[in-house]
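So the sequences go chain by chain: A and B. Residue numbers for the first sequence follow the working numbering, beginning at 993 and rising by one. Residue numbers for the second sequence follow the working numbering, beginning at 524 and rising by one. Think of the CB as a built atom: it goes at the ideal place given N, C-alpha and C, for glycine as much as any other residue. This structure is a prediction, so every number in the text was calculated from the model and none was measured.
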Amino acid sequence: MTEINAKDGAYNYAYLDEQTKRMIRRAILKAVAVPGYQVPFGGREMPLPYGWGTGGIQVTAAIIGQDDTLKVIDQGADDTTNAVSIRRFFARVADVATTTRTKEATIIQTRHRVPETPLGEGQILVFQVPIPEPLRMLEPRETETRTLHALSEYGVMQVSLYESIARHGRIAKTYNYPVMVNGRYIMSPSPIPKFDNPKLDRSPALQLYGAGREKRIYAVPPHTPVKSLDFDDHPFEIETWEQCCALCGSRESFLDEMIVDDDGQRLFVCSDTDYCERRRDTAEAAE
Amino acid sequence: MTPLLSVKGLTKSFGARVACRDVGFDLWPGEVLGIVGESGSGKTTLLNCLAGRLTPEAGSVAYDSAAYGPVDVHDLSEARRRLLSRTEWGFVNQDARDGLRMGVSAGANIGERLMAVGARHYGDIRAKAADWLDRVEIERDRLDDRPTTYSGGMRQRLQIARNLVSHPRLVFMDEPTGGLDVSVQARILDLLRRLVGTLDLSAVLVTHDLGVARLLTHRLMVMQGGAVVEHGLTDQVLDDPQHAYTQMLVASILPV
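Listed below in structure tokens is the structure:
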């Protein structure tokens, strides 16, 4: 565990020192024991700015080992700047194998998406969280939000959904859609589209959420019920598209809209690049 | 019959300054108790102690809860007390902005207590909110407007609706008509009188306006310097004041 990275010798294994990793692991254990509860931890300065995934990186650094295979996605894509640089960071400081294939990964660090390919037992999904407190926009006082969580007083969250229906005719929130974890804590699922919320429910994979700026870790253990909040007469719904993916033809995945020329031509493609490629590979092989 | 609220020996001070000294009274179901006195006499502090918002140094506040039976407000766990305060109690602030959520619509303001105790049907919540707007004489088409677009009197009425929607048994009111012009005051007093009568509410009303006290309350407590100097039926206290301070207070009402 404690061996120095052979490549440059300048850092401890996985960048963080062992005491810090122990502290983060303790926070993770507590978070797993109390699903949805935000555990404070001593967040460290990381070699990238807040908002770029410092929370997720610290969680990944604390749990990664040399046998792991790491996948990093940003908005579903493996090839965006944030994903590429975090993947290279761990390849260098933790000497782990990296992959873009969801099925092969043991740890998937993600920003803003959950992979389309269903996750399995033993996989860990690490979320980068900008604002861990789901009640923050409704109640600015931290002391008060903690009390509301402690006493399970969640009327105010429902008020915000009511307000959304009153103003827009439907629950207009499309990302960071609040969820109730294990019937006890309301949790921010990080800014994933609400399309991904059903994937969190009773997922066989372990979900860890790290917020670097606010120094909070929370978790959803495998097979834990995660319910998206709604009203009886305005049930939770996910986004739908009239188009299918222009590249792989999928009708089940989350689509990004892309403008392809100056005439306003647009194209809908899968946001999950790995899923899209796998589908195209299978289709080619079938031909 | 047991009193709804039974207060004994309540004392609260802020450092060396005593705000309430040895206050005691019983509030019976269906009764409206007025607390009058000049500013700084400890009226609001007393009200906050009764509602569990402040912890007194000495004394007890016994409340006869519908759900839990007789309880001491200050011995309750915070969870219980907060639950009581949003189901069985109401609190009407002097400044409606303190009691309302200014960022969300009137409907959401009224519906908050319903949602807090588990209402999850949008249509029902909205219908109830509209019904309560009617009861406090606000036009239904203002349901989706934010309280920021309301006048002072409408805000106060909205605050009353928001508190009464959960059918509380006991309402604490801190100068509900303070800072409003006379015609609006009259409307709100009218409204309160009607609601107290029809909903079988009990209330503790803090005011410095003897006219308000005369109109709304059954019994009156006069406070001076943190202590109760006179206590009796409202008409009796106002028509035949015994204590020198009460006599001065009654005498200083401006004749119109």
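Chain-order list of residues whose beta-carbon lies under 8 Å from that of residue i (same chain, five-residue window excluded)
i: glutamine 1257 of chain A; result: Ile1251
i: threonine 994 of chain A; result: Any reading at threonine 994 of chain A is ruled out, since the residue's pLDDT is 47, under 50, leaving its predicted position unreliable.
i: proline 1217 of chain A; result: Val1173, Asn1174, Gly1175, Asp1193 and Arg1194
i: isoleucine 1178 of chain A; result: Gly1028, Pro1126, Leu1127, His1141, Tyr1146, Met1149, Pro1170, Val1171, Met1172 and Leu1221
i: isoleucine 1056 of chain A; result: Ala1006, Leu1062, Phe1082, Ala1086, Val1088 and Ile1099
i: threonine 580 of chain B; result: Residue identity differs from the one stated: residue 580 of chain B is glutamate in this sequence, not threonine. Taken in chain order, the residues that qualify are Thr534, Lys535 and Ser536.
i: glycine 622 of chain B; result: Phe614, Val615, Asn616, Gln682, Arg685 and Asn686
i: leucine 703 of chain B; result: Gly675, Gly676, Gln679 and Ile711
Proximal chain B residues relative to residue i, where beta-carbon distance stays under 9 Å
i: leucine 1143 of chain A; result: Glu601, Ala602, Arg605 and Leu606
Which listed residue (the options) has its alpha carbon closest to that of residue i
i: arginine 663 of chain B; options: B/Gly675, B/Gly630, B/Arg685 and B/Arg636; result: B/Gly630
i: threonine 1232 of chain A; options: A/Arg1243, A/Arg1208, A/Gln1115 and A/Ser1220; result: A/Arg1243
i: glycine 646 of chain B; options: A/Cys1240, A/Leu1239, A/Asp1222 and A/Ser1263; result: A/Asp1222
i: valine 1044 of chain A; options: A/Gln1067, A/Asp1264, A/Asp1254 and A/Ala1025; result: In the sequence as displayed, the identity of residue 1044 of chain A is tryptophan instead of valine. It is A/Gln1067 whose Cα lies nearest to the Cα of tryptophan 1044 of chain A.
i: arginine 685 of chain B; options: B/Ala653, B/Asp713 and B/Asp549; result: B/Ala653
i: proline 1190 of chain A; options: A/Asp1224, A/Glu1249, A/Tyr1154 and A/Ser1245; result: A/Ser1245
i: glycine 582 of chain B; options: B/Gly702, B/Ser536 and B/Gln682; result: B/Ser536
i: leucine 693 of chain B; options: B/Gly720, B/Thr700 and B/Arg710; result: B/Gly720
i: leucine 570 of chain B; options: B/Ala642, B/Thr534, B/Val640 and B/Arg716; result: B/Thr534
i: isoleucine 1020 of chain A; options: A/Glu1037, A/Ile1116 and A/Leu1111; result: A/Ile1116
i: cysteine 1240 of chain A; options: A/Glu1229, A/Arg1271 and A/Pro1213; result: A/Arg1271
i: valine 530 of chain B; options: B/Trp551, B/Arg603, B/Ala542 and B/Arg540; result: B/Trp551
i: methionine 1038 of chain A; options: A/Arg1138, A/Gly1204, A/Thr1137 and A/Ala1211; result: A/Gly1204
i: glycine 1114 of chain A; options: A/Pro1196, A/Leu1200, A/Asp1225 and A/Asp1253; result: A/Pro1196
i: threonine 780 of chain B; options: B/Leu556, B/Gly532 and B/Asp618; result: Past the boundaries of the shown model lies residue 780 of chain B; chain B is included only from 524 to 779, so the question cannot be answered.
i: aspartate 667 of chain B; options: B/Phe695, B/Asn632 and B/Arg643; result: B/Asn632
i: alanine 1002 of chain A; options: A/Thr1090, A/Val1212 and A/Arg1084; result: A/Arg1084
Chain A contact for residue i (CB, 9 Å cutoff)
i: valine 719 of chain B; result: no
i: isoleucine 648 of chain B; result: yes
i: leucine 772 of chain B; result: no
i: threonine 534 of chain B; result: no
i: methionine 625 of chain B; result: no
i: arginine 663 of chain B; result: no
i: arginine 609 of chain B; result: yes
Chain-ordered chain A contacts of residue i [CB-CB under 8 Å]
i: tyrosine 645 of chain B; result: Tyr1154, Ile1157, Phe1223, Asp1224, Asp1225 and His1226
i: methionine 638 of chain B; result: Gly1147, Gln1150, Val1151 and Tyr1154
Cβ-based neighbour list, residue i, same chain, cut-off 6 Å, excluding 5 preceding and 5 following
i: glutamine 1235 of chain A; result: Phe1260
i: glycine 634 of chain B; result: Ile648 and Ala652
i: threonine 1265 of chain A; result: Ala1069 and Asp1070
i: valine 751 of chain B; result: Val546 and Met744
i: valine 1064 of chain A; result: Ala1075, Ile1078, Arg1079 and Gln1101
i: arginine 710 of chain B; result: none
Under 7 Å from the C-beta of residue i: neighbouring residues of chain A
i: alanine 631 of chain B; result: Val1151, Tyr1154, Glu1155 and Ala1158
i: serine 628 of chain B; result: Glu1155 and Ala1158
Supposed contact pair residue j and residue i - C-beta distance, whole angstroms, cut 8 Å
i: isoleucine 1209 of chain A; j: histidine 1104 of chain A; result: With a Cβ gap of about 19 Å, isoleucine 1209 of chain A and histidine 1104 of chain A do not count as contacting.
i: glycine 1034 of chain A; j: valine 1121 of chain A; result: No, glycine 1034 of chain A and valine 1121 of chain A are not in contact; Cβ-Cβ is about 17 Å, not under 8 Å.
i: lysine 1013 of chain A; j: alanine 1075 of chain A; result: At roughly 23 Å, the Cβ-Cβ gap does not stay under 8 Å, so lysine 1013 of chain A and alanine 1075 of chain A are not in contact.
i: valine 1088 of chain A; j: phenylalanine 1082 of chain A; result: 6 Å
i: proline 1124 of chain A; j: glutamine 1030 of chain A; result: 5 Å
i: leucine 714 of chain B; j: glutamate 753 of chain B; result: Not a contact, Cβ separation roughly 29 Å.
i: aspartate 587 of chain B; j: leucine 527 of chain B; result: 5 Å
i: leucine 739 of chain B; j: leucine 712 of chain B; result: 6 Å
i: histidine 741 of chain B; j: glutamate 601 of chain B; result: 32 Å between Cβ atoms; not a contact.
i: arginine 636 of chain B; j: arginine 609 of chain B; result: 5 Å
Residues near residue i in its chain [Cβ-Cβ closer than 7 Å; skip 5 each side]
i: serine 1152 of chain A; result: Leu1130
i: lysine 566 of chain B; result: Ile558, Gly560, Val729 and Met746
i: alanine 782 of chain B; result: This structure leaves residue 782 of chain B out entirely; chain B is present only between 524 and 779.
i: aspartate 657 of chain B; result: Arg663
Below-9 Å beta-carbon distance, residue i vs any chain B residue
i: valine 1118 of chain A; result: no
i: tyrosine 1169 of chain A; result: no
i: threonine 1139 of chain A; result: yes
Chain A contact residues for residue i, given Cβ-Cβ distances below 9 Å
i: tyrosine 635 of chain B; result: Going by the sequence as given, residue 635 of chain B is glutamate instead of tyrosine. Under the 9 Å cutoff, chain A gives Gly1147, Val1148, Gln1150, Val1151 and Tyr1154.
Where the stretch 665 to 697 of chain B meets chain E: residues whose CB sits under 7 Å from a CB there: Reference to chain E is not applicable here, since the protein chains of this structure are A and B.
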